[in-house]
Amino acid sequence: MTGADSPGRPDRGGSADSPGDYAADVAGEQREYAVAGRPDVRIHVRDLGLACCAVEFAAAIGRGLLVPAEPDSPGSAAVLVVSGTVTDALAPQVLAAWEALPEPKAAVSFGACSNSGGPYWDSYSVTKGVDRVIPVTTYVPGCPPRPEALVDALVSLVVPA
Amino acid sequence: MSDVVPQARGAIALDAAACTSCMLCVKECPDWCIHIESHNEEVSEPGARRPRSVAVLDSFTIDWGLCMYCGICVEVCPFDALQWVSTHDYAAAEADGLRHGIARLEEFGPSDQR
Amino acid sequence: MSAPPGELWEPWAAAVARHVADGYDRLDLLTAVDRPQSEQIEVVIHLVRRPADGGLDEVWGHTLLDRAAPVLDSVTDALPSAAWHEREIHEMFGVEVRGHPDLRPLLLHGIDGPPPLRKDTPLVARIETPWPGAEETGRRRVSVPGVPAEWLEQR
Ligand code: SF4
Ligand code: SF4
Ligand code: SF4
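Chains as they are written, first to last, in this note's numbering: chain A, 38 to 198; chain B, 67 to 180; chain C, 79 to 233.
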């Protein structure tokens, strides 16, 4: 992005061939969450919020279902929640965000877009499921799914239903 | 399962006995995620002059991995065979596990909404 | 679909510049509509200004391009914020934007093929996926929603 048409916009490392370094944002500065009231569910959850489903992730925080994770909790697994529409243009960044997570780790596909393309199943630009990019452990249905569905899926990663 | 508010668009329950295999929901679904197979059977009833042809539902599948929860199928069904329920805890370990047939769709019912 | 209100602005760039000079210097919308029936691409702009006594004045302008070889004059001289919108029109509708400073891809990274927002650009998934509604009868040919017959010939 050149200065000519984007005055005053910070340069986030984007170029004609790649969007900004979103993966670094997700892997680096992003906050981590745990399921409220479930110390037995030892996970650190990060949200890769790509579209409206991310609002439901935020709602899970807003309603106290997810709480900030303790920074040092040994034995916890990293969980990447992909909430929203994955596009072919962004797919490399999604892969990079996944690869940047430490083992052990799991990915949750949250919502129809991430599961299959959802409402954009016929789009020229939308990836037909994030599982074409990264391995998915749990697929949560919904457009969007409820925050409760997210919490249930997160718990079931550790405590099978 | 966590409690959710009533009226949540969690899933769509099928009442297979009410479904006439009319295909309206299939045709109107914008995501093309309902699949129906059916066949016709002749039923002779005592006293009737000719046997009646009835559609028999062989399979009815909704792909929840694709469904956008728009409710168009529920709206267009002339026989109220599809109803919203608030159930949401059916995440799956495989994308294919979100394809539900008649048995699972019936298990969602009866509707907790009106 | 009916067109938004407003007049044809000819010549385009001069008309936009005149409105900007007239205080309509806030760009709200600049996009295009593919109109295959009339073999045109319509470009639409919506400009607003805030008069000193409050309120909001708005104005809509249109121009029509030849769909076979659409060329649009850039308005970035008068309205720098139009640059991204013109880049989008360029890649999404296949419109050449004359005098634009930088027509690199904006949204279509690594997506080749015909301009996606032309109405005759096939949606591959709709061609490859069998329509479940067609399973009903072998006799009557049902038309598939959102899929023109020409696309099906590509199956
Ligand atoms: S699944 Fe529905 S709610 Fe979620 S990101 Fe896609 S369109 Fe938005
Ligand atoms: S809710 Fe909408 S997308 Fe889902 S099966 Fe019904 S019509 Fe199709
Ligand atoms: S619209 Fe209703 S009756 Fe018709 S096929 Fe669908 S569910 Fe069955």
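From the three backbone atoms N, C-alpha and C, an ideal C-beta is built for every residue, glycine too.
Could you check whether the Cβ of residue i sits closer than 6 Å to any heavy atom belonging to ligand 5?
{"i": "S177 of chain B", "result": "This structure lacks ligand 5; the ligands present are ligand 1, ligand 2 and ligand 3."}
Tell me whether residue i, by its Cβ, gets closer than 6 Å to a heavy atom of ligand 1.
{"i": "C180 of chain A", "result": "yes"}
{"i": "T122 of chain A", "result": "yes"}
{"i": "C89 of chain A", "result": "yes"}
{"i": "G166 of chain A", "result": "no"}
{"i": "V149 of chain A", "result": "The amino acid at residue 149 of chain A is misidentified as Val; the sequence shows Ala. Flag set: Cβ of A149 of chain A near ligand 1."}
{"i": "P156 of chain A", "result": "yes"}
By the three-class DSSP mapping on this structure, what secondary structure does residue i have?
{"i": "A64 of chain A", "result": "A caution first: A64 of chain A carries a pLDDT of 49, below 50, which makes its placement in the model too unreliable to give a value."}
{"i": "D97 of chain B", "result": "coil"}
{"i": "D144 of chain C", "result": "strand"}
{"i": "F126 of chain B", "result": "strand"}
{"i": "A133 of chain A", "result": "helix"}
{"i": "R128 of chain C", "result": "coil"}
{"i": "S151 of chain A", "result": "helix"}
{"i": "L127 of chain A", "result": "coil"}
{"i": "S104 of chain B", "result": "strand"}
{"i": "Q115 of chain C", "result": "helix"}
{"i": "H97 of chain C", "result": "helix"}
{"i": "E231 of chain C", "result": "coil"}
{"i": "L80 of chain B", "result": "strand"}
{"i": "A92 of chain C", "result": "helix"}
{"i": "D189 of chain A", "result": "helix"}
{"i": "A144 of chain A", "result": "strand"}
{"i": "D146 of chain B", "result": "coil"}
{"i": "Y161 of chain A", "result": "coil"}
{"i": "E173 of chain B", "result": "helix"}
{"i": "V109 of chain B", "result": "strand"}
{"i": "R169 of chain A", "result": "helix"}
Quick one: is the Cβ of residue i within less than 6 Å of any heavy atom of ligand 3?
{"i": "A77 of chain B", "result": "no"}
{"i": "T127 of chain B", "result": "no"}
{"i": "A147 of chain B", "result": "yes"}
{"i": "L171 of chain B", "result": "no"}
{"i": "C95 of chain B", "result": "no"}
{"i": "S87 of chain B", "result": "yes"}
{"i": "L90 of chain B", "result": "yes"}
Below 8 Å on the Cβ atoms is my guess for residue i versus residue j; work out the distance and round it to an integer in Å.
{"i": "S104 of chain B", "j": "L123 of chain B", "result": "5 Å"}
{"i": "I236 of chain C", "j": "D77 of chain A", "result": "Because chain C is modelled from 79 through 233, residue 236 of chain C falls outside the range shown and cannot be assessed."}
{"i": "A110 of chain C", "j": "V173 of chain C", "result": "7 Å"}
{"i": "A79 of chain B", "j": "P176 of chain B", "result": "7 Å"}
{"i": "I100 of chain B", "j": "C139 of chain B", "result": "6 Å"}
{"i": "L87 of chain A", "j": "L127 of chain A", "result": "7 Å"}
{"i": "H81 of chain A", "j": "A137 of chain A", "result": "In fact, because the Cβ distance is near 13 Å, the residues do not count as touching under 8 Å."}
{"i": "H163 of chain C", "j": "L108 of chain C", "result": "4 Å"}
{"i": "H106 of chain C", "j": "L125 of chain C", "result": "Per the sequence shown, the amino acid found at residue 106 of chain C is Asp instead of His. Contact holds; Cβ gap of about 7 Å."}
Less than 6 Å between the CB of residue i and some heavy atom of ligand 2, yes or no?
{"i": "M134 of chain B", "result": "yes"}
{"i": "C139 of chain B", "result": "yes"}
{"i": "I205 of chain C", "result": "no"}
{"i": "I100 of chain B", "result": "yes"}
Practice problem: Note down, one range per segment and in chain order, each alpha helix (DSSP H) of at least 4 residues found wholly within the stretch 57-116 of chain A. | Solution: 59-64 and 90-99
Quiz item: Unbroken alpha helix (DSSP H) runs of length 4 or more, entirely within the stretch 141-229 of chain C: which are they?
Solution: 161-171 and 202-206
Self-check item: Contact the stretch 152-168 of chain B vs the stretch 86-106 of chain C: 3+ CB pairs below 8 Å
Solution: no
Practice problem: Decide yes or no for the touch test of the stretch 156-169 of chain C against the stretch 89-102 of chain A: beta carbon pairs closer than 8 Å, at least 3 of them. | Solution: no
Exercise. Take every Cβ of the stretch 176-191 of chain C, pair it with every Cβ of the stretch 130-140 of chain C, and state whether three or more of those distances are shorter than 8 Å.
Key: no
Quiz item: Counting Cβ pairs, one atom from each stretch, are 3 or more of them under 8 Å apart for the stretch 129-142 of chain A and the stretch 154-162 of chain A?
Solution: no
Practice problem: Examine the Cβ distances between the stretch 163-170 of chain A and the stretch 144-152 of chain A and report whether three or more of them are shorter than 8 Å. | Solution: Three or more beta-carbon pairs drawn from the stretch 163-170 of chain A and the stretch 144-152 of chain A are found closer than 8 Å, and the two stretches are therefore classed as touching.
Quiz item: For the stretch 118-132 of chain B against the stretch 71-86 of chain B, are there 3 or more C-beta pairs whose distance is under 8 Å?
Solution: yes
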